[in-house]
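Working notes for the structure below.
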Amino acid sequence: MTFPIYVPPEQQVRDKAEFARKGIARGRSLIAVDYAGGVLLLAENPSTALHKISEVYDRIAFAGVGRYNEFETLRKAGIRQADLMGYLYSREDVTAMGLATAFSQTLGVIFTREPKPFEVEVLIVEISEQGDEHRLFRVTYDGTLYDERKFLAIGGKADELIEALQELWEEDLSLQRALEVGAEAFRRAEGREIEGWEAAVLDYANGRRAFRRLTGSELPPR
Amino acid sequence: MDVPSPGSSFTDLLDSLGAKPVLNIPPGERPPSAPEGTTVLALRYLDGVVMAGDRRATEGHLVAHRRIRKVFPADRYSAVAIAGTAGLAIEMVRLFQVELEHYEKIEGVRLSLEGQASFLARLVRGQLPMAFQGLVVVPLFAGFDEREERGRLYSYDAVGGRYEEVDFGSTGSGSRLAKAYLRTTYREDMTDDEAFDIAVKALVAASQEDTATGGPDLRRGIYPTVLRISAAGVEELPDAVVAPLAEEAVDQIR
Numbered sequence: 001m002t003f004p005i006y007v008p009p010e011q012q013v014r015d016k017a018e019f020a021r022k023g024i025a026r027g028r029s030l031i032a033v034d035y036a037g038g039v040l041l042l043a044e045n046p047s048t049a050l051h052k053i054s055e056v057y058d059r060i061a062f063a064g065v066g067r068y069n070e071f072e073t074l075r076k077a078g079i080r081q082a083d084l085m086g087y088l089y090s091r092e093d094v095t096a097m098g099l100a101t102a103f104s105q106t107l108g109v110i111f112t113r114e115p116k117p118f119e120v121e122v123l124i125v126e127i128s129e130q131g132d133e134h135r136l137f138r139v140t141y142d143g144t145l146y147d148e149r150k151f152l153a154i155g156g157k158a159d160e161l162i163e164a165l166q167e168l169w170e171e172d173l174s175l176q177r178a179l180e181v182g183a184e185a186f187r188r189a190e191g192r193e194i195e196g197w198e199a200a201v202l203d204y205a206n207g208r209r210a211f212r213r214l215t216g217s218e219l220p221p222r
Numbered sequence: 223m224d225v226p227s228p229g230s231s232f233t234d235l236l237d238s239l240g241a242k243p244v245l246n247i248p249p250g251e252r253p254p255s256a257p258e259g260t261t262v263l264a265l266r267y268l269d270g271v272v273m274a275g276d277r278r279a280t281e282g283h284l285v286a287h288r289r290i291r292k293v294f295p296a297d298r299y300s301a302v303a304i305a306g307t308a309g310l311a312i313e314m315v316r317l318f319q320v321e322l323e324h325y326e327k328i329e330g331v332r333l334s335l336e337g338q339a340s341f342l343a344r345l346v347r348g349q350l351p352m353a354f355q356g357l358v359v360v361p362l363f364a365g366f367d368e369r370e371e372r373g374r375l376y377s378y379d380a381v382g383g384r385y386e387e388v389d390f391g392s393t394g395s396g397s398r399l400a401k402a403y404l405r406t407t408y409r410e411d412m413t414d415d416e417a418f419d420i421a422v423k424a425l426v427a428a429s430q431e432d433t434a435t436g437g438p439d440l441r442r443g444i445y446p447t448v449l450r451i452s453a454a455g456v457e458e459l460p461d462a463v464v465a466p467l468a469e470e471a472v473d474q475i476r
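Protein sequences, first through last, are from chains X and V. Numbering-wise (our numbering), the first sequence opens with residue 1 and increments by one. Numbering-wise (our numbering), the second sequence opens with residue 223 and increments by one.
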């Protein structure tokens, strides 16, 4: 009769976390930045077909970094939950908080139960009712939930991006300035040429569905 | 390849969760009486489609609602109008709206206009057991087809049959009267202003013969709903624009 080798839980968690962090660090990073008209999401993404940023609900957007198939699964689950809540109750009952805690639960369970954790970090962004503060949530591979108001970064270079944004970001940026600030933060954090941009905004000017992708000349120069 | 359930359809998601209401009346039972929406119409003009509907719902010989809404945007470039059992029809529209938005978010592209029209047919067909009990829902669907760069219009029947119309369509109790009016006044090269005008006049004409169709209620300030669907998207006309048209149409009643 064979027995499984005993691995202490501390060791198991450490190994899984290291594995997930390595996977995430291989991919490219992403930031969310508050500006005068709403929130900008900006990612380095050489592909124009595979998106990291997506619309979830009227005022809510999703973004993910890491393994594409894994955050895509989470994105779809988020859209399903949001549309289901909005249909069964009311559109105003769908909140970023509800979605962020659901992602946190899901990722937490996967991290402890599955042999391989998800190698992803996700961002849920909600623009507030006009005048209030926006809500930016970051959920890491193990389900840890962070909550910010002004800017947030996910991915392998998250710490460097936050450091750069702390120096560059100001209140009431125009969209143009926010894009410049974001692009500059990426250049400082990565220290190399950026291989392509993906960007979208949640902007009050867009009406009920605040989400809009930025295309072509709207994107920062390479 | 296995198709993952529930895929991109919100309706299938509801089904998979058992969240869709069961609408089956046992044989021999009479359905409850429920308000019915009446006349809606749509016509193609130079740059797209104009869709309009009166505001009345009736229950038997009684007016059930004076301000009911029967014409709705479906997504940014399409709209749906409904006649028949109001409660079921409005719920169908709500599901249809969520379905289109859900598909767009999951897939990253809008469902094609043809795809939207055939999905709506499926929803109508889903009501078939109720239609046998007399609770019928018959929609009209119109949108701007971005691939073909033209406005398109579809009418339906109670079993989910879908028919593309080249000029105009109407459904509901006053539809034959509205169509008779449109047949004598319709031209293919109308501007949007001309199309608004004859859409409102056709509804007023229907209201003169059909008691279930509500004419403009000038005293209460209740006017028909009018939508314009063009390359610029779906736009609802404000009451300030519809009111003079309605007043003129009422003035011309003989």
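Even glycine gets a Cβ: it sits at the ideal position worked out from N, Cα and C. Note that the structure is a prediction, hence the values are computed from the model and not measured.
Within the region 369-408 of chain V, the alpha helix (DSSP H) runs of at least 4 residues that lie entirely inside it are, in chain order, 397-407.
Between L84/X and F211/X, the alpha-carbon positions lie close to 19 Å from each other. Within the region 139-217 of chain X, the runs of alpha helix (DSSP H) that reach at least 4 residues and sit entirely inside it are, in chain order, 158-168 and 175-190.
Contact annotation: in the region 62-90 of chain X, residues whose CB is within less than 9 Å of a CB in chain V are R75, K76, I79, R80, A82, D83, L84, G86, Y87 and L88. Counting the other Cβ atoms within 10 Å of the Cβ of K327/V gives 16 or more, which makes it buried. At a cut-off of 9 Å, the C-beta of V125/X has no neighbouring C-beta in chain V.
In this structure, the beta-carbon distance from G394/V to V272/V does not fall below 9 Å. Note on geometry: alpha-carbon atoms of L30/X and L42/X lie some 6 Å from one another. Around the beta-carbon of I124/X, 16 or more other beta-carbon atoms lie within 10 Å, marking it buried. Distance between R21/X and G156/X, taken at the CA atoms: about 8 Å.
Straight across, the Cα-Cα distance linking V456/V with A462/V is about 18 Å. For the region 327-361 of chain V, the set of residues with a beta-carbon nearer than 7 Å to any beta-carbon of chain X comprises K327, I328 and G330, in chain order. According to the DSSP assignment, D34/X belongs to the beta strand (DSSP E) that extends over L30 to Y35.
If the five residues before and after A303/V are omitted, its C-beta is found closer than 7 Å to the C-beta atoms of V262, A264, M273, G275, K292, V293, P361 and L362, all from its own chain and listed in chain order.
Residue pairing by DSSP leaves V426/V without any beta bridge partner. Within the same chain, and ignoring the five residues on either side of F318/V in sequence, the residues whose Cβ sits closer than 7 Å to its Cβ are A296, V302, L342 and L345.
In the DSSP assignment, P295/V falls within the beta strand (DSSP E) that extends over V293 to D297. Nearest CB-CB separation between S47/X and chain V: not below the 9 Å threshold. Comparing alpha carbon positions, the residue from D93/X, E92/X and L88/X closest to E313/V is L88/X. Going by DSSP, G23/X is part of the alpha helix (DSSP H) stretching over P9 to R26. The three-state reading of DSSP puts F118/X in coil, since its state is none of H, G, I, E or B. Contact between R374/V and L335/V is confirmed by a C-beta separation of about 6 Å, below the 8 Å threshold.
Contact annotation: in the region 32-59 of chain X, residues whose CB is within less than 8 Å of a CB in chain V are H51, S54, E55 and V56.
Per DSSP, the continuous alpha helix (DSSP H) segment holding V472/V begins and ends at D461 to D473. In the three-state scheme derived from DSSP, where H, G and I count as helix and E and B as strand, F3/X is classed as coil.
For G275/V, the pairing in a beta bridge is given by DSSP as V262/V and T447/V.
Here the alpha carbons of D414/V and T307/V stand approximately 30 Å from one another.
In the structure shown, S452/V adopts extended strand secondary structure according to DSSP, grouped into three states. Assignment of E416/V by DSSP, reduced to helix, strand and coil, places it in the helix class.
Taking the C-beta atoms as reference points, G191/X is found no nearer than 9 Å to E44/X. Against F232/V, the close residues of chain X are D83, in the order they occur along the chain (beta-carbon pairs closer than 7 Å).
In this structure, the CA atom of R14/X is about 20 Å from the CA atom of A158/X. At a Cβ-Cβ threshold of 9 Å, R278/V and R442/V do not count as neighbours.
For R209/X, a Cβ of chain V is located within less than 9 Å of the residue's own Cβ. The region 167-187 of chain X and the region 130-142 of chain X do not touch, with fewer than three beta-carbon pairs separated by less than 8 Å.
In terms of Cβ geometry, G108/X and D142/X form a close pair [threshold 9 Å].
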